[in-house]
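Numbering (my numbering), first residue to last: 472 to 792.
Read the structure below first, then the notes.
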Amino acid sequence: MSALLEVTDVRTWFPVADGAFRNGTQTVKAVDGVSFTMRAGEALGLAGESGCGKTTLGRTIVRLTEPTGGRVKLDGLDVTALEGEGLRKSRAQFQMIFQDPQASLNPRMTVLETLVEALQAHRAVPAAELRGRVLKLLEQVGLSESALDQYPHQFSGGQRQRIAIARALAVEPKLIVADEPVSALDVSIRAQILTLLNELRARLGLSLIFIGHDLAVLRGVCDRIAVMYLGRIVELGPARDVVDRPLHPYTQALISAVPVPDPERERSRQRIVLEGDPPSPLSPPSGCSFHPRCAKKSERCVSEVPPLVERDGRSVACHVV
472 MSALLEVTDV RTWFPVADGA FRNGTQTVKA VDGVSFTMRA GEALGLAGES
522 GCGKTTLGRT IVRLTEPTGG RVKLDGLDVT ALEGEGLRKS RAQFQMIFQD
572 PQASLNPRMT VLETLVEALQ AHRAVPAAEL RGRVLKLLEQ VGLSESALDQ
622 YPHQFSGGQR QRIAIARALA VEPKLIVADE PVSALDVSIR AQILTLLNEL
672 RARLGLSLIF IGHDLAVLRG VCDRIAVMYL GRIVELGPAR DVVDRPLHPY
722 TQALISAVPV PDPERERSRQ RIVLEGDPPS PLSPPSGCSF HPRCAKKSER
772 CVSEVPPLVE RDGRSVACHV V
């Protein structure tokens, strides 16, 4: 099966002023040479600590953030080469769901106005059919007709996220990028939204990039997981394999930090405690960017950047695995 999404050597760098009284600039390499493919209908998780570049990568894929280099192709269309009207028309093929629906929804627009605006942005929908289309969208996300004339502040956080999902679905996209869509919600509501996303993906044949830091959540909703560290993918593979049998030392540390509901297992298992904080993206270390915090590092790790190579059915960027 041919790939729906092809991300090739994508780089997203940001210039930063080098001090208040100097004219020089430094560069933050938020995404630094990321490549992967996705098939139609697949769910890919992007995981890692805050600042690893996963949100920037998601925003770059949908062209909310401009790439510095590389290529993003969606169903054969080079998204990175589009400009102006061509880019605007292509947005019907990819949409984004943001972490905070309170901030992403217009507080002055009712649900009806919000969804009608989304429908009319990319679809020539006759006025007589708009209300019916909106009702169908609400039904898909589990909301009733009574929501039509209400404003975002009149809903709970979970309901607002359902509205944001309906807005993303309005243009019938092939790909949705969901940026930590449940992290701001109560635990009980998270399960409902995750179930909804899984059902919609199966029913509509959507492809989903799910950005998150909770690997237990990603294991449940994604087919594959890509673990990022300082702008690069360090491990990529089937979700269950990555979580149950992590290969990269960084992935192993992330998994060891996930709480276990069984108190006996929690007390007996060995945690991996990383030393220090992640390096600054303004001055990344030489070689493997993880080596200053890695207990398994070798001399090669200090001087040579490990390539992402396939091992045991997944891809890992590590010299010592």
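Note that beta-carbon positions come from the ideal geometry of N, C-alpha and C, so glycine has one too.
Owing to the predicted nature of the structure, the values given are computational and were not obtained by experimental measurement.
(message) Given this structure, state the Cα-to-Cα distance separating GLN630 from LEU614, to the nearest angstrom.
(response) Within the sequence shown, numbered from 1, the residue matching residue 630 stands at position 159. Within the sequence shown, numbered from 1, the residue matching residue 614 stands at position 143. Their backbone Cα atoms lie some 8 Å apart in a straight line.
(message) In the DSSP output, what is ARG771 paired with across the bridge?
(response) By one-based count along the sequence shown, residue 771 stands at place 300. Paired residue(s): none; ARG771 is not in a bridge.
(message) Along the chain, where does the beta strand (DSSP E) containing ALA589 start, and where does it finish?
(response) Locating residue 589 in the sequence shown gives position 118, where the first residue counts as 1. Where ALA589 is concerned, there is no enclosing beta strand (DSSP E), although the alpha helix (DSSP H) it sits in stretches over 582–593.
(message) Please return the same chain residues whose Cβ sits closer than 7 Å to the Cβ of ARG534, not counting the five positions on each side in sequence.
(response) Mapped onto the sequence shown, residue 534 falls at position 63. If we look at ARG534 and ignore the five residues flanking it on each side, its Cβ neighbours are VAL550, LEU558.
(message) Give the list of continuous alpha helix (DSSP H) stretches no shorter than 4 residues that lie fully inside the region 506–583.
(response) Complete alpha helix (DSSP H) runs here, min 4: 525–532, 555–561, 572–575.
(message) Check for me: the alpha helix (DSSP H) holding VAL688 runs from which residue to which?
(response) Taking the first residue of the sequence shown as 1, we reach residue 688 at position 217. First-last of the alpha helix (DSSP H) with VAL688: 686–692.
(request) Report buried or exposed for THR496, applying the criterion of at least 16 other Cβ atoms within 10 angstroms of its Cβ. (result) To locate residue 496, count along the sequence shown from 1; it is residue 25. By the 16-neighbour rule on beta-carbons within 10 angstroms, THR496 is exposed.
(message) Using a 10 Å radius around the Cβ and a threshold of 16 neighbouring Cβ atoms, would you call PRO578 buried or exposed?
(response) Against the sequence shown, residue 578 aligns to sequence position 107. Per the 10 Å Cβ criterion, exposed.
(message) Looking only at its chain, what residues have a beta carbon closer than 8 Å to the beta carbon of ALA649, apart from the 5 residues adjacent to it on each side?
(response) Counted from its first residue, the sequence shown places residue 649 at position 178. Here the set comprises MET567, ILE568, LEU668, LEU679, ILE680, PHE681, ILE682.
(request) Counting only the same chain and skipping the five closest in sequence on each side, list residues whose C-beta sits under 6 Å from that of GLU450. (result) Not covered by the structure: residue 450. The range shown for the chain is 472 to 792.
(request) Tell me whether ARG703 sits in a helix, a strand or coil according to DSSP, three-state version. (result) Here residue 703 refers to the residue found at position 232 of the sequence shown. Strand, per DSSP.
(request) Compare the Cα-Cα distances from SER757 to each of GLU775, GLU770, GLY747, ASP694 and report the closest residue. (result) Taking the first residue of the sequence shown as 1, we reach residue 757 at position 286. It is GLU775.
(request) Would you identify the three-state DSSP class for GLU616, choosing helix, strand or coil? (result) Locating residue 616 in the sequence shown gives position 145, counting from the first residue. Of the three classes helix, strand and coil, the one that applies to GLU616 here is helix, per DSSP.
(request) For the region 620–679, list the beta strand (DSSP E) runs that are entirely contained and at least 3 residues long, ordered along the chain. (result) Counting only runs of 3 or more, we get 646–650.
(request) Following the continuous beta strand (DSSP E) through VAL478, name the residue where it begins and the one where it ends. (result) If you number the sequence shown from 1, residue 478 lands on position 7. Element bounds for VAL478: 474–488.
(message) On the DSSP bridge list, what partners appear for GLY504?
(response) Taking the first residue of the sequence shown as 1, we reach residue 504 at position 33. In the DSSP output, where bridge partners are listed per residue, GLY504 has none listed.
(request) For my contact list, CYS789 and VAL705 are in at a C-beta cut-off of 8 Å; report their separation, rounded to the angstrom. (result) Here the question's residue 789 lines up with position 318 in the sequence shown. Here the question's residue 705 lines up with position 234 in the sequence shown. At roughly 7 Å, the Cβ-Cβ gap stays under 8 Å, so CYS789 and VAL705 are in contact.
(message) Considering only their Cβ atoms, is the gap separating LEU528 from VAL487 smaller than 7 Å?
(response) Locating residue 487 in the sequence shown gives position 16, where the first residue counts as 1. Locating residue 528 in the sequence shown gives position 57, where the first residue counts as 1. Inclusion of VAL487 and LEU528 in the CB contact set at 7 Å is not warranted, their separation being larger than that value.
(message) What residue range does the alpha helix (DSSP H) around ARG604 cover?
(response) Taking the sequence shown and counting its residues from 1, one reaches residue 604 at position 133. 598–611 is the extent of the alpha helix (DSSP H) around ARG604.
(message) Please return the same chain residues whose Cβ sits closer than 7 Å to the Cβ of ALA514, not counting the five positions on each side in sequence.
(response) Counting from one through the sequence shown, the residue named residue 514 turns up at place 43. Hits under 7 Å: ARG672, LEU679, PHE681, VAL692, CYS693, ASP694.
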